[in-house]
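S.K.: Pasting in a structure now, in structure tokens, and then I'll have a few things to ask.
Protein chains: 2
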Amino acid sequence: MRIILCGFGVVGQSLVKLFESRSDELYSKYGLKPRVVGVFDSKGSTIDPSGLNFKKLVDTKKKFGTVKNYASIKNSMSGVEMLKNVEADVLIETTASNYKDAEPGMTHITTAMKRGMHVISVNKGPLALAFPSLLELATYNQVMLKFSGTVGGGTPILDYAKNSLSGERITSFAGILNGTTNYILTNMGTGISYEDALKDAKDKGYVEADESLDLDGLDAAAKLVILANWILGIKVTLPDINCTGIRKVTLDDIKKAEKNNCSIKLIASSDKELVVGPKEIPNDDPLCVNGTLNAIAFTSEHSGTQTIIGKGAGGTETASSILRDLLDIRQEIARD
Amino acid sequence: MRIILCGFGVVGQSLVKLFESRSDELYSKYGLKPRVVGVFDSKGSTIDPSGLNFKKLVDTKKKFGTVKNYASIKNSMSGVEMLKNVEADVLIETTASNYKDAEPGMTHITTAMKRGMHVISVNKGPLALAFPSLLELATYNQVMLKFSGTVGGGTPILDYAKNSLSGERITSFAGILNGTTNYILTNMGTGISYEDALKDAKDKGYVEADESLDLDGLDAAAKLVILANWILGIKVTLPDINCTGIRKVTLDDIKKAEKNNCSIKLIASSDKELVVGPKEIPNDDPLCVNGTLNAIAFTSEHSGTQTIIGKGAGGTETASSILRDLLDIRQEIARD
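Sequences listed follow chains L and P, in order.
Here the first sequence is numbered in my numbering, starting from 1 and rising by one per residue.
Here the second sequence is numbered in my numbering, starting from 1001 and rising by one per residue.
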């Protein structure tokens, strides 16, 4: 399977390492031979139709901070140019999420689909701003659009709701979908001020470069858009979400919650409307998880409420979700 | 799809009600038209090759305590005789679990498979005592053996581990797999004695007729056998489990755990060996759920630890898992 990889940060590198370390097993067990024919990062790109060497890619990135130096001839092709000129079966889109215009991810994805490539995106921007139309574009071009890694990182939340609960109707859900804000709120629960808890989260590298994505609830809202479209079939985009972040949560609020045996969590939910905001959750509710954990509770018609808890982020975890999407695509193609 | 239903207790009746209430949707959405051609309960049976009426089945059972009175001619065919003489595509086995010889479920299942019927079992007995050989028999006879409802009731734990985490290797798991003992231990956590907590659980109808199945950990051990075989590929049966129940847990043990911010839970785990026994679990561990809830934490190679929490039992919940198995079988048959 020929792959173009747009973005080569932590997730992209983890993925390539996963390909390297599991290559024998992927071929013998699933018939998957991932061949990365092009990689694009913010500083340049590199191409080899016969497949780039996984180890050399990672080493080059480590040494030069870009894949541009992979070969002696330095390639300055952009992601879009690569997608237009290099033959491939799948685009894996891992550039940073951007909720203003979703670029460059949006153009990567639409260009790839128009050229008949399947797309795996862990970039939430394009999905948050244009989920319904991207899905239509995929159907129109008869390609698959996969995005398991966008919600829950390595925890297969989307697949669980869609496949493990097949034959069942999910009526609503509520979840902690952003690990950074959960970490901050959890620490505030021990009496630390918002400012100190935020500083600690920054020191640990948990906060996005644009801190607003975490603190104002945008990241959680983007995930809510994806869940609402995919699980409930509601055609919404980011502006439809009623979104409040955690900046105004005070230690007093948290103490008040404690008196009710509750904790304040940033909850994304789908009850009557789609909302992201701080909410009191009973401490003995399975949803009330601490630290950087993510959790989501699905309420279904016949199977009651079911909660899934896992790490919501992490390079290897997200890479493992891309691999699952790739195996799904491999299987679907083989079936045709 | 022609179905023989062995056992017509809470689960069997919930299933038939589910067929009744969702019949239009099951046909239009999944192409499934469930036709129950025979039902067997402990007092008798009833047969109609053109399909029994769902409502009448439930009404008859309610009125006479058996389906035998469904038609004017009272049928005394046993389950095995029915399976030998009535043409059907699927056996749904819901008789009570028995961990001594697994009968009558064992003979129902083997007879059905030998006749080329697919089998859905929510009866844990046959699987606990003979999982490896039953799976072999299914392969030999080219039929499907499904058992989603045996672990987690309506919570699709087995499917999650097998399918949602496909491409991933689960290295170990630990879970609270029995709601009754969890209810008793949770109540003891509030200072109530074992005896009083047990009495309360009995009053609420949570305890099996043979209380040993819950209290001595047999039910949890049976589920552990199924998980170990299905998820880890270890060929074990019930006698291989190192199993201790909750009868010897004292209020002192629980108080001691509390001092460590822990609760005592009956944990079924697969670390180095397969064990069921009371164990201290940190209160902020996602696994540490209260009341009758079930929870299981899977640790995988690349996606970290993931916990699923849900109701472990209930008629409608278990019936919904049977329906999912039936839809899987329908889909597999359509694919051939």
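Built from N, CA and C at the ideal position, the CB exists for glycine as well.
Values in this document were obtained by computation on a predicted structure and should not be read as measured data.
Could you give the first and the last residue of the continuous beta strand (DSSP E) run that contains VAL1276 (chain P)?
M.R.: Along the second sequence, one-based indexing puts residue 1276 (chain P) at 276. 1275-1282 is the span of the beta strand (DSSP E), which, as asked, contains VAL1276 (chain P).
S.K.: Could you tell me which residues DSSP pairs with ILE1267 (chain P) in its beta bridges?
M.R.: The sequence position of residue 1267 (chain P) within the second sequence is 267, counting from 1. Partner(s): P:GLY1277.
S.K.: Using a Cβ cut-off of 9 Å, pull out every chain P residue sitting near LYS311 (chain L), in sequence order please.
M.R.: The sequence position of residue 311 (chain L) within the first sequence is 311, counting from 1. Ordered by position in chain P, the residues that pass the 9 Å Cβ test against LYS311 (chain L) are SER1303, GLY1304, THR1305 and GLN1306.
S.K.: Pick out whichever of P:ASP1214, P:LYS1055, P:ILE1226 and P:ASP1059 has its Cα sitting closest to the Cα of SER1023 (chain P).
M.R.: Reading the second sequence from its first residue, position 23 is the one you call residue 1023 (chain P). Closest option to SER1023 (chain P), Cα to Cα, is P:LYS1055.
S.K.: Taking the alpha carbon of ASP1048 (chain P) as the point to measure from, which residue in P:GLY1167, P:PHE1008, P:PRO1126 and P:GLU1087 has its own alpha carbon closest?
M.R.: Residue mapping note: residue 1048 (chain P) aligns to position 48 of the second sequence, counting from 1. ASP1048 (chain P) has its Cα closest to that of P:GLU1087, out of P:GLY1167, P:PHE1008, P:PRO1126 and P:GLU1087.
S.K.: Determine, using beta carbons only, whether GLY233 (chain L) comes closer than 7 Å to chain B.
M.R.: Chain labels in this structure do not include chain B; the protein chains are L and P.
S.K.: Would you report the Cα separation of PRO1286 (chain P) and GLN306 (chain L), rounded to the nearest angstrom?
M.R.: Here the question's residue 1286 (chain P) lines up with position 286 in the second sequence. Here the question's residue 306 (chain L) lines up with position 306 in the first sequence. In a straight line, the C-alpha of PRO1286 (chain P) is about 13 Å away from that of GLN306 (chain L).
S.K.: Pairing CB atoms from the stretch 1211-1220 of chain P with CB atoms from the stretch 1293-1310 of chain P, are three or more of them under 8 Å?
M.R.: no
S.K.: Could you tell me which residues DSSP puts in a beta bridge with ASP1041 (chain P)?
M.R.: Within the second sequence, the letter at position 41 stands for residue 1041 (chain P). Partner(s): P:GLY1044.
S.K.: Check ILE4 (chain L) in the structure and name its three-state DSSP category.
M.R.: Position 4 of the first sequence, counted from the start, is the residue given in the question as residue 4 (chain L). Reduced to three states, the DSSP call for ILE4 (chain L) is strand.
S.K.: Do GLY1105 (chain P) and ASN1123 (chain P) have their C-beta atoms closer together than 7 Å?
M.R.: The residue given as residue 1105 (chain P) occupies position 105 in the second sequence. The residue given as residue 1123 (chain P) occupies position 123 in the second sequence. Yes.
S.K.: Using only the alpha-carbon positions, how far apart do GLU93 (chain L) and VAL11 (chain L) sit?
M.R.: Reading the first sequence from its first residue, position 93 is the one you call residue 93 (chain L). Reading the first sequence from its first residue, position 11 is the one you call residue 11 (chain L). So the two alpha carbons sit approximately 10 Å from each other.
S.K.: Taking three-plus beta-carbon pairs below 8 Å as touching, is the stretch 1241-1253 of chain P in contact with the stretch 1138-1154 of chain P?
M.R.: no
S.K.: Candidates P:TYR1140, P:MET1144 and P:LEU1185: which alpha carbon is nearest LEU1326 (chain P)'s?
M.R.: The count along the second sequence starts at 1 and reaches residue 1326 (chain P) at position 326. Ranking P:TYR1140, P:MET1144 and P:LEU1185 by Cα distance to LEU1326 (chain P) puts P:MET1144 first.
S.K.: Under a three-way DSSP split, which group does ARG169 (chain L) fall into?
M.R.: Here the question's residue 169 (chain L) lines up with position 169 in the first sequence. Shown here, ARG169 (chain L) sits in coil according to DSSP, grouped into three states, outside any helix or strand.
S.K.: In its own chain, which residues sit with a C-beta less than 7 Å from the C-beta of VAL39 (chain L), not counting the 5 before and 5 after it?
M.R.: Start at 1 with the first residue of the first sequence, and residue 39 (chain L) comes out as number 39. So the list reads LEU5, PHE8, SER45, THR46, LEU52, LEU57 and VAL67, once near-sequence residues are dropped.
S.K.: Give a yes or no on contact between the stretch 131-145 of chain L and the stretch 252-266 of chain L, applying the rule of three or more CB pairs nearer than 8 Å.
M.R.: no
S.K.: Using DSSP's beta-bridge definition, name the partner residues of VAL119 (chain L).
M.R.: The count along the first sequence starts at 1 and reaches residue 119 (chain L) at position 119. DSSP output for VAL119 (chain L) lists L:LEU91 and L:LEU145 as bridge partner(s).
S.K.: Is the distance from the Cβ of ARG1324 (chain P) to the Cβ of GLY233 (chain L) below 7 Å?
M.R.: Position 324 of the second sequence, counted from the first residue, corresponds to residue 1324 (chain P). Position 233 of the first sequence, counted from the first residue, corresponds to residue 233 (chain L). Their beta carbons are not under 7 Å apart, which means ARG1324 (chain P) does not touch GLY233 (chain L) by this criterion.
S.K.: Are the beta-carbon atoms of ALA220 (chain L) and VAL275 (chain L) separated by less than 7 Å?
M.R.: Looking up residue 220 (chain L) in the first sequence gives position 220. Looking up residue 275 (chain L) in the first sequence gives position 275. No, the Cβ-Cβ distance between ALA220 (chain L) and VAL275 (chain L) is not below 7 Å.
S.K.: When burial is assigned at 16 or more other CB atoms within 10 Å of the CB, is ARG1169 (chain P) buried or exposed?
M.R.: Stepping through the second sequence from its first residue, residue 1169 (chain P) is reached at position 169. Under this definition ARG1169 (chain P) is an exposed residue.
S.K.: Among residues of its own chain, excluding the 5 on either side of GLU1258 (chain P), which ones have a beta-carbon nearer than 8 Å to its beta-carbon?
M.R.: Your numbering for residue 1258 (chain P) matches position 258 in the second sequence. GLY1189, listed in sequence order.
S.K.: For the alpha helix (DSSP H) containing THR180 (chain L), list its first residue and its last residue.
M.R.: Translated into positions along the first sequence, residue 180 (chain L) becomes position 180. 179-188 is the span of the alpha helix (DSSP H), which, as asked, contains THR180 (chain L).
S.K.: Got a sec, what are the start and stop residues for the alpha helix (DSSP H) LEU1251 (chain P) sits in?
M.R.: Working through the second sequence from its first residue, we reach residue 1251 (chain P) at position 251. Start and end: 1251-1259.
S.K.: Can a CB atom of chain L be found closer than 7 Å to the CB of GLU1317 (chain P)?
M.R.: Translated into the one-based positions of the second sequence, residue 1317 (chain P) becomes position 317. Interface residue, yes.
S.K.: Name the DSSP bridge partner or partners of LEU293 (chain L)?
M.R.: Position 293 of the first sequence, counting from 1, holds the residue named residue 293 (chain L). Answer is L:LYS311.
S.K.: With a cut-off of 7 Å, does the C-beta of PRO1286 (chain P) fall near any C-beta of chain L?
M.R.: On the second sequence, residue 1286 (chain P) is found 286 positions in, with the first residue counted as 1. Yes, PRO1286 (chain P) lies at the interface with chain L (some Cβ there is under 7 Å from its Cβ).
S.K.: Give, in chain order, every residue of the stretch 155-171 of chain L whose Cβ lies closer than 7 Å to some Cβ of chain P.
M.R.: THR155, PRO156, ASP159, TYR160, ASN163, SER164, LEU165, SER166, GLY167 and GLU168
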